[in-house]
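Since the structure comes first, as structure tokens, the remarks are kept for the end.
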Amino acid sequence: MTATSFEKNWDAIVIGGGPAGSASSAILAEYGHRVLVLEREKFPRYHIGESMIPFTYGPMERLGLIPLMKSSVFQKKYSVVFISPNGRASQPFYFFNRYDRNTVAQTWQVLRSEFDQIVLDNARSKGAKVIEEITVKELLREGERVVGVRAQTKSGETVEFRAPITLDCTGKEAFTSVRNGWRIKDPYLNKVAVWTYYKGSKREPGIDEGQTAVAYVPEKGWFWHIPQHNDMVSVGVVAEGKYLTRGGVKDPKTIFHREVEENLWIKDHLSTGGSTGDYYIISEYSHHSRHCGSDGLLLVGDAFAFLDPVFSSGLMLALKSGVMAGDEVHKAIVERDFSPQRFADYARFMRQGVENMRKLVYAFYDPDFSFKKVIDKYPEAAGEITDCLSGDVNKDFGPLWAKIREFVPLPEDLPVGEPG
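Numbering-wise, the sequence shown is residues 6 to 425 according to my numbering.
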């Protein structure tokens, strides 16, 4: 298919076919709108961020994905466990002790190449037009209003697409934020992650097989250990860059295996099987957008905000914002109002969720903090903490923050996310 054969005018353009883009385009297509998804890569493609949390269930249910997920080969996840550096595991936090066992309480560990393909195909099946291997180069404007995009095909042809609303779902690349100077790094969450994949390594028995393990290393670093369905485990370490690169070490493989020695549980679980051979590294990845969008433009998912992955909130926030953006853009199309103020409620809602999770992340990284200390003094806090960690983030956690502030300071909300 050549650039000249593409339909040029649409009701909405979505940049990026990941979970946020696929979710928003599926909702818009379901409403009957003509929506175009422009994806730079060819799916399936690799992506990190493989663990779901319970309240991912809501947006997936809205997208009609639950029956497919329940019949899938993805590893079922019922709990999270925390591991001390000496290898001692906490009691697993079973989601079914608080939530409905048949719905929210069971979630999944996913291979993103497969899951993201499923979500993109779901958007296609609802009527979204998806073009892969096409790169958006710039936004088209009439005055201050975004009216479409200019893109380049794999063969090098340039093509323009127009729509009254464009959704930036470009993930951590944050297409708009970077180009507009809106991107703000989180002032404290400047961590580095190094990770790889193991095949044939040790797993827990029974319903604990799919649990996420968060295993501590010195200097408030931590490992993730995420079992997947194909006898693979995603395992990585997150910490301050100056800690991970101490002694001048920069090689990801060397860093990874040195840190494995710092937690006996991780060392034991990786003592069988072996690495697949690829090691990855990423730095300073927590960021926020100063604005939620501008006239004719809306930011969705990681393009709006990306938070430290310690509590696996990324997929939930991406799908949740995608579904909500689809609903809000539908209303905007009906009302013919694409002003940034039209999306202020969407932005405030998503920022509330990000800020609530962000406070718990800050507490986690404070060396004086432990959930146990808070719960020992305030037993009722256990449920509130569980709700936030499970993704039920859009509620008033003021009483919980007051309790936690008795132990450690918490950050103020960042002054970001308002309409541009």
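In this text, a Cβ means the ideal position worked out from N, Cα and C, and glycines have one as well. Keep in mind the model is a prediction, meaning the values are calculated, not measured.
Pro232 (DSSP reduced to helix, strand or coil) = Sequence index remark: in the sequence shown, residue 232 carries index 227 (1-based). Pro232 falls in the strand class under three-state DSSP.
Counted within 10 angstroms of its Cβ, other Cβ atoms place Ala337 as buried (16 or more) or exposed | For the purposes of this step, residue 337 is taken as the residue at position 332 of the sequence shown. Taking all protein chains shown into account, Ala337 has 16 or more neighbouring C-beta atoms within 10 Å of its C-beta and is therefore buried.
8 Å Cβ shell around His335 - same chain, five flanking residues per side excluded = Taking the first residue of the sequence shown as position 1, residue 335 is located at position 330. The residues are Ile32, Leu33, Tyr36, His38.
Selected residue, minimal CA-CA separation from Phe228, among His234, Asp236, Asn235, Val219 = For the purposes of this step, residue 228 is taken as residue 223 along the sequence shown, with counting starting at 1. The shortest C-alpha to C-alpha distance from Phe228 to any of His234, Asp236, Asn235, Val219 is the one to Val219.
Which one or two residues does DSSP pair with Phe166 in a beta bridge?
-> The sequence position of residue 166 within the sequence shown is 161, counting from 1. Phe166 is bridged to Val154.
Proximity below 7 Å, CB of Ala198 to CB of Gly148 = As a first step, residue 198 must be located in the sequence shown, where it is residue number 193. As a first step, residue 148 must be located in the sequence shown, where it is residue number 143. No, they are not a contact pair.
Which term fits Pro210, buried or exposed, when burial requires 16 or more other beta carbons within 10 angstroms of its beta carbon?
-> One-based indexing of the sequence shown puts residue 210 at position 205. By the 10 Å Cβ count, Pro210 comes out exposed.
Does the beta-carbon of Ile71 have 16 or more other beta-carbons within 10 angstroms, so that it is buried, or is it exposed?
-> The residue labelled residue 71 in the question sits at position 66 within the sequence shown. Burial call: exposed.
Going straight from the alpha carbon of Gly26 to that of Asp173, what length do you get?
-> Sequence index remark: in the sequence shown, residue 26 carries index 21 (1-based). Sequence index remark: in the sequence shown, residue 173 carries index 168 (1-based). Roughly 8 Å separates the two Cα atoms.
Alpha carbon to alpha carbon, what distance is there between Asp332 and Val339?
-> Position 334 of the sequence shown holds residue 339. Position 327 of the sequence shown holds residue 332. Between Val339 and Asp332, the C-alpha separation is close to 11 Å.
Kindly give me the distance between the Cβ atoms of Gly181 and Leu41, rounded to whole angstroms, as I take these residues to be in contact under 8 Å.
-> Reading the sequence shown from its first residue, position 176 is the one you call residue 181. Reading the sequence shown from its first residue, position 36 is the one you call residue 41. For the record, residue 181 in the displayed sequence is Thr; it is not Gly. With 8 Å as the limit, Thr181 and Leu41 do not qualify as a contact, their Cβ atoms being about 17 Å apart.
Which listed residue (Pro232, Gly226, Arg188) has its alpha carbon closest to that of Ser206 | Looking up residue 206 in the sequence shown gives position 201. Out of Pro232, Gly226, Arg188, Pro232 has the C-alpha closest to the C-alpha of Ser206.
Buried or exposed (CB count within 10 angstroms, at least 16 for buried), Gln114 | Position 109 of the sequence shown holds residue 114. By the 10 Å Cβ count, Gln114 comes out buried.
Tell me where the alpha helix (DSSP H) around Phe261 begins and ends.
-> As a working note, residue 261 is residue 256 in the sequence shown. It spans 257-265 - the alpha helix (DSSP H) in which Phe261 sits, taken as one unbroken run.
Who are the Cβ neighbours of Met329 in its own chain at under 8 Å, not counting the five residues just before and after it?
-> As a first step, residue 329 must be located in the sequence shown, where it is residue number 324. Tyr351, Phe354, Met355, listed in sequence order.
Roughly how many whole angstroms lie between the Cα atoms of Lys196 and Arg155?
-> Within the sequence shown, residue 196 is the residue found at index 191, counting from 1. Within the sequence shown, residue 155 is the residue found at index 150, counting from 1. As the crow flies, the alpha-carbon of Lys196 is around 34 Å from that of Arg155.
Counting along the chain, where does the alpha helix (DSSP H) carrying Val413 start and finish?
-> Reading the sequence shown from its first residue, position 408 is the one you call residue 413. Note, Val413: premise wrong, no alpha helix (DSSP H); not H, not E.
Could you tell me which residues DSSP pairs with His335 in its beta bridges?
-> Sequence index remark: in the sequence shown, residue 335 carries index 330 (1-based). Looking at the DSSP assignment, His335 forms no beta bridge with any residue, so it has no partner.
Reduced DSSP secondary structure (H/G/I, E/B, other) of Ala220 = For the purposes of this step, residue 220 is taken as the residue at position 215 of the sequence shown. Strand at Ala220.
In chain order, each alpha helix (DSSP H) run of at least 4 residues that lies wholly inside the stretch 332-415 | 349-370, 376-382, 386-394, 403-409
Only counting runs of 4 or more residues, tell me where the alpha helix (DSSP H) segments fall wholly within the stretch 11-92, in order along the chain.
-> 24-35, 62-67, 71-75
Looking only at its own chain, which residues have a Cβ that is under 6 Å from the Cβ of Thr277, when we skip the five neighbours before and after it?
-> The residue you call residue 277 lines up with position 272 of the sequence shown. Ser206, Lys207, listed in sequence order.
Do you know how far the Cα of Asp342 is from the Cα of Leu312?
-> In the sequence shown, the residue the question calls residue 312 occupies position 307. In the sequence shown, the residue the question calls residue 342 occupies position 337. Distance between the alpha carbons of Leu312 and Asp342 is about 30 Å.
To the nearest angstrom, report how far apart Val222 and Glu267 are at their CA atoms.
-> Counting from one through the sequence shown, the residue named residue 222 turns up at place 217. Counting from one through the sequence shown, the residue named residue 267 turns up at place 262. Rounded to the nearest angstrom, the two C-alpha atoms are 6 Å apart.
Of the residues Lys378, Leu324, Phe369, which one's Cα is nearest the Cα of Leu68?
-> Locating residue 68 in the sequence shown gives position 63, counting from the first residue. Considering only alpha carbons, the answer is Leu324.
Rounded to whole angstroms, what's the CA-CA distance from Val432 to Asp401? Just pull it up for me.
-> Because the chain spans 6 through 425 in this model, residue 432 falls outside it and cannot be assessed.
When DSSP builds the beta bridges, which residues end up paired with Phe311?
-> Position 306 of the sequence shown holds residue 311. For Phe311, which the question treats as bridged, DSSP gives the partners His292.
What runs of the alpha helix (DSSP H), each 4 residues or longer, lie entirely inside the stretch 110-150?
-> 117-130
Label Glu427 either buried or exposed according to how many other C-beta atoms from any shown protein chain fall within 10 Å of its C-beta, with 16 as the threshold for buried.
-> Nothing about residue 427 can be read from this structure; the chain reaches only from 6 to 425.
Close Cβ partners of Phe309 (< 6 Å) along its chain, the five nearest in sequence each way excluded = Position 304 of the sequence shown holds residue 309. Within the same chain, Phe309 has close Cβ partners Ser294.
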